[in-house]
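Here is the structure we will look at, set down as structure tokens.
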Amino acid sequence: MAKGESKSNPRVAAYDDLPYYLKPCILYFGIYPEDYSIHHNRLTQQWIAEGFVKSDGRTLEQVADEYLSELIYRSLVQVSTVGFEGKVQSCQVHDLLREVIITKVKDLSFCHFVHESATSGIARRLSMDTSSNNVSNCSNNTHIRAIHAFGKGGLLEPFIGQLSSKSRLKVLDLGGTSLNYAPSNLGNLFHLRYLNLRGNKVRVLPKSVGKLLNLETLDIRDTLVRELPSEINKLKKLRHLLAFHRNYHAEYSSMGFTSGVLIEKGIKKLTSLQNLYYVEVDEGGIDLIQEMRMLKQLKKLGLRCVRREYGNAICASVVGMTNLESLNITAISEDEIIDLNSMSSLPQLRRLKLKARLEKMPNWISKLDFLVKIRLTLSKLKDDPLRSLQNLPNLLQLGVMDKAYDGEMLHFQSGGFPKLKKLDLFGLNSVNSILIDSGALLSLEYFTITKIPHLNKVSSGIKSLDNLKVLDFVDMPTEFVGSIDPQNGQDYWIINHVPLVLIRRWIGPKVNHFEIRTIHSSSNDSN
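Take the position in the sequence shown, starting the count at 1, then add 396; the result is the number in the numbering used here.
Structure below.
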């Protein structure tokens, strides 16, 4: 870059003005393809694995979040998506800044782009287009610290298998590529801290994975891996174990949509774990759940195939997880009753998903002052669950799903759910009326009603929901849909203030294949 260019180019100046610890973080965006939106966790976990993030008494994840926030504050990173809690979910850099970053990346030998030419000299990182003919020429470079692969082309298995045991590789990101299997000598990569195989067709993790003693993140989401080798329990530095598969190729099923992995006993050794989801616990049973009480750093835990007799063990193990922010529990079958009433209150819990039959709503749930999201599924509650939840001070999202409630009426009382922004009601076969008092749901923005077969009229209380942005009706009875038709529907007046109303009908075969009709508000029609 020409001398003095930093004075004439404000983007160059902005980079030059960064503190030393943020410069490699912003350069990392150059590794990803143009217009690529990077998930927040993926990015910060890679920064940590590379050693860019230094501890100051807080967790490395907290420090990395602060780094990203500072780059956003300096207008160097653009926020792509934000969650309901206001946390950045994904981000990217502007094309013009990316040009500056790419120039810096090349000048500093920060990264080599394999699709451009065969690598030569010292390349610290590789950004690979997997369809490139040059991929196979890069495996013997022992200076490589990180490999990022993009695209579905090429044969990655031989390339990964040829990586030298002398490699200093810390980051191996193969998410979304065409990898069919994980080479048996994967364990040779002793220095590896971050391994992403997400979205590949890998079925088995080799036993050699137990040699990756420095591994901090293992992401095998949406792969075909169903069981982890016992050697996984040797990875005492592991912080994030992300493992589930979702079936997008059929109609939605509460029990069959998500599956986790089997883990053998010995998990109590993984005391650095912060994220663990989802574990199928039916084979390990109570002994496996009791081991989890040693995982005191956990922030997110997901358990599947839970049996009735596991309830007390879960409560006893979770009580010591004082940092727990997210808990997801799924029973082994629709009729399996799970008793969680002995749970002590979880002071930091922010997200709770219970997919199990409950004899009653656990009392501790109403005391979760920091809870922002709750989803109840298959609970078959006799009493209206809204009474227990309506005064939660920070609740933003609520889902009452698939037989969660066996009563005929849901009643949203005045003053209830003051901060709720998103409400999902799904598959409530007994409900025939929804009553919304004036003064209820004052902050609601998104309201979805799906497959409630006996609900033939829209709630008149929707008229008072002034902040509502989207109403989404899915697979509702013909009479219900006809009542809100803009031309002839007698209840159209109730919804005519909502900017966007969706009428959806599932046509399959995949989960998200819908026929969609839209109704725009009458105020929009007149403009």
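Where a beta carbon is used, it is the ideal one built from N, C-alpha and C, also for glycine.
- Residue range G707 to V714 is occupied by the alpha helix (DSSP H) that includes N708.
- The beta-carbon separation of D731 and R753, rounded to 6 Å, stays under the 8 Å limit for a contact.
- Assigned with DSSP and collapsed to three states, T499 falls in helix.
- By the neighbour-count criterion, in which 16 or more other beta carbons inside 10 Å mark a residue as buried, G426 falls on the buried side.
- Across the structure, L867 and L464 are spaced so that their CA atoms are roughly 34 Å apart.
- Rounded to the nearest angstrom, the gap between the Cα atoms of N828 and R599 is 45 Å.
- Across the structure, D431 and N708 are spaced so that their CA atoms are roughly 49 Å apart.
- Here L816 is near L840, since their CB atoms are less than 8 Å apart.
- Per DSSP, reduced to three states, the secondary structure at Q883 is coil, with no helix or strand assignment.
- Beta-carbon to beta-carbon, S879 and S860 are separated by about 18 Å, too far to satisfy the 8 Å threshold.
- Under DSSP, L699 takes part in a beta bridge, and its partners are V675 and I725.
- Around H641, the same chain offers D618 and S655 as residues with beta carbons nearer than 6 Å, after the five sequence neighbours per side are excluded.
- By the Cβ rule, the segment 836–856 does not count as touching the segment 676–691, because fewer than three pairs are nearer than 8 Å.
- According to the DSSP secondary-structure assignment, D615 is paired through a beta bridge with N592 and L638.
- Under the 10 Å beta carbon count, D503 is surrounded by fewer than 16 other beta carbons and is classified as exposed.
- Distances from the alpha-carbon of S486 to those of S810, H435 and R470 put H435 closest.
- Bridge pairing for V866: Y842 and L896 [DSSP].
- Non-local C-beta neighbours of G885 in its own chain, meaning closer than 7 Å and more than five positions away in sequence, comprise G878 and S879, ordered along the chain.
- Boundaries of the beta strand (DSSP E) harbouring I912: F910 to H916, taken from the DSSP string.
- The segment 432–516 contains, as complete alpha helix (DSSP H) runs of 4+ residues, the segments 436–446, 456–469 and 491–503 (chain order).
- Annotated as distal: L588 and L601, with beta-carbon spacing of 8 Å or more.
- A straight-line Cα-Cα distance of about 37 Å links Q744 and L582.
- L472 is positioned such that its CB atom lies closer than 8 Å to that of A410.
- Around the beta carbon of P429, fewer than 16 other beta carbons sit within 10 angstroms, so the residue counts as exposed.
- When only Cα atoms are considered, A646 and F910 end up about 12 Å apart.
- Listed in chain order, the non-local C-beta contacts of L896 below 6 Å within the same chain comprise V866, local neighbours out to five positions each way being set aside.
- Annotation: A712 to G681 spans about 14 Å, alpha carbon to alpha carbon.
- Measuring C-alpha to C-alpha distances from G716 to each of V489, L624, Q693 and S563 identifies Q693 as the nearest.
- With contacts defined by Cβ atoms closer than 8 Å, V854 and L821 do not form a contacting pair.
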